[in-house]
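Heads up: the structure comes next, in C-alpha cells.
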Amino acid sequence: MKILYGYQSIQTALDRPVMTMGTFDGLHLGHRTLIECVVTRARKTGRKALVYSFYPPPWRVLGRGKHPYLILTFKDKVELLSKMGVDYLVTEEFSPDLQRISHQQFAHDALLTRFAPSELHIGYDFHFGRDRLGDWGFLHQFFTPLGIEVRAHGAVRDGEEIIGCSTIREKVREGRVNAAARMLGRFHFMRGVVVRGRGRGRTIGFPTANIEASTELSPPPGVYACRIELMRNGSIYDAIANLGFRPTFAEQSFAIEAHLFDFSGDLYGEKVRIHFVKRVRDERNFDQVEELVAQIHQDLKQVQGMLPFSAPPQPSLRWDPKPQLEESSITAKS
Numbered sequence: 008m009k010i011l012y013g014y015q016s017i018q019t020a021l022d023r024p025v026m027t028m029g030t031f032d033g034l035h036l037g038h039r040t041l042i043e044c045v046v047t048r049a050r051k052t053g054r055k056a057l058v059y060s061f062y063p064p065p066w067r068v069l070g071r072g073k074h075p076y077l078i079l080t081f082k083d084k085v086e087l088l089s090k091m092g093v094d095y096l097v098t099e100e101f102s103p104d105l106q107r108i109s110h111q112q113f114a115h116d117a118l119l120t121r122f123a124p125s126e127l128h129i130g131y132d133f134h135f136g137r138d139r140l141g142d143w144g145f146l147h148q149f150f151t152p153l154g155i156e157v158r159a160h161g162a163v164r165d166g167e168e169i170i171g172c173s174t175i176r177e178k179v180r181e182g183r184v185n186a187a188a189r190m191l192g193r194f195h196f197m198r199g200v201v202v203r204g205r206g207r208g209r210t211i212g213f214p215t216a217n218i219e220a221s222t223e224l225s226p227p228p229g230v231y232a233c234r235i236e237l238m239r240n241g242s243i244y245d246a247i248a249n250l251g252f253r254p255t256f257a258e259q260s261f262a263i264e265a266h267l268f269d270f271s272g273d274l275y276g277e278k279v280r281i282h283f284v285k286r287v288r289d290e291r292n293f294d295q296v297e298e299l300v301a302q303i304h305q306d307l308k309q310v311q312g313m314l315p316f317s318a319p320p321q322p323s324l325r326w327d328p329k330p331q332l333e334e335s336s337i338t339a340k341s
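Heads up, the sequence shown is in our numbering, so the first residue is 8 and it goes up one at a time.
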C-alpha cells in the first residue's frame, strides 16, 4: 500500500481510482464493509482502491464531541488498511485552514482535480467542507454529470445498535471489551513497548511485562484475559493483565502489567500489542500480599480455562438501506 500525505502532494491526477473518504478511527465492521466494497469494486474494474482519511480527526481539531480517545494509532490504522487490500492511503492532517474550505471548492480542487475517481463511496453520515455542508447528495449532483458514480452506504448494525466509534469507545471505557469486539470484528488492542518496572511480580512468583502504551483508548482498571502479540515476529501468547494503580502496594501511577503464559525470556524493549479478550474482575486492594497471591492463582485458573476457546463474538449484522436523495437538500447546498 502506498501512503501519500495530503491531497496537495498529488501532482498528477490519479488513474481514476475507486475511493472512499472519512476518519475511519477504529476500522470497525461498518468501516470494513464500506472499504471492502471499494476494494472489491476496484478489483472488478481494474482500478486501484484508495482511502482518503483524516488524522487527527476533525472533531479533535475543532473541539467537538466528548470522546477524546482515538481507538487506533496511525501505525495500526495503516497496517489494518494494508491487510484489507487498499492500494493508496492518502492521509490528510486536518486543520482549521482545511475546515474553512467550502465543500464546492474541496470537491473541485481535491476530489476532482487530484483524485479523479471513477467511483466515490461514502458513509451515510459523512459531511465535509465549511460548516459541514458537503454530503453525499451534493457529491451525487456534482459528480454524476461527469460520469463519476457516487454511492452512499447505509449504517451497519449489530442487532438494533448502530456500529459506530462513539459506541465502541463507550464500551471499552466501561470495561465491556467483549461487547466492543462484536462491533470491531476483533478484540480491542493497545500498542506499546515493554519497559522496566519495579519487579514485584517476579518476587511473588508472577513475572509481568510492564507495557507503556501509545494507544489512547484504554479499558478501565481491572484484571483482563488477554493475548500479547510480539510485533517483531507476530508470536501471540495467552496472558492475564492488570490495569490500574496497584493499591496493594500503594502505587499512584496507572500501569499495564501482563503475565504471559508459557513464555520465558526477556521482553524489555519489545514492541507489543495487548488484545483484550474479557474483563475478569475489578482491581482490588488486599490487606496482605498473601491474599493478593491467592487471588492471582484463582484469576490464572479462570483465564487459562477461558482463553483457548475465545474468539471475537459474532455480531448479528444487518444493513440499513442506503440514504435517499432529498432534492431540497441538494438544491440548498449547491
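Ideal Cβ placement from N, Cα and C applies to all residues, glycine included. These numbers come from a predicted model, not from an experiment.
Pairs of beta-carbons, one from the region 305-316 and one from the region 142-150, closer than 8 Å: are there three or more? No, the region 305-316 does not touch the region 142-150.
Output needed for L237: all residues of its chain with C-beta closer than 7 Å, excluding positions within five of it in sequence on either side, in chain order. E277, V279.
For F261 and D273, I'd like the C-alpha separation in whole angstroms. So the alpha carbons of these two residues sit roughly 23 Å apart.
Simplified DSSP state of S89, which is helix, strand or coil: Helix at S89.
Run through the DSSP bridge pairs and tell me what A216 is partnered with. For A216, which the question treats as bridged, DSSP gives the partners A265.
contact_flag[the region 78-85, the region 151-162] where n(CB pairs < 8 Å) is 3 or more: Contact fails: fewer than three Cβ-Cβ distances are below 8 Å.
Enclosing alpha helix (DSSP H) for G312 [first to last residue]: Here the alpha helix (DSSP H) through G312 covers 296-313.
Determine contact between the region 90-97 and the region 55-72, defined as no fewer than three beta-carbon pairs at a distance below 8 Å. Yes, the region 90-97 touches the region 55-72.
W143, buried or exposed, once every other Cβ within 10 Å from all chains shown has been counted against 16: Burial call: buried.
Note down, in chain order, each residue of its chain lying with its Cβ closer than 7 Å to the Cβ of L267, except the 5 sequence neighbours on either side. So the list reads A216, I235, Y244, A246, once near-sequence residues are dropped.
From the DSSP output, read off the bridge partner residues of Y95. Beta-bridge pairing links Y95 to K9, L57.
Tell me which residues share the same chain as F5 and place their Cβ nearer than 6 Å to its Cβ, disregarding the 5 neighbours each side in the sequence. Residue 5 lies beyond the residue range present for the chain, which begins at 8 and ends at 341; the question has no answer from this structure.
Residue burial classification, P24 (beta-carbon count within 10 angstroms, cutoff 16): It counts as buried.
Three-state secondary structure (DSSP) at Y14? If DSSP states are grouped into helix, strand and coil, Y14 belongs with the helices.
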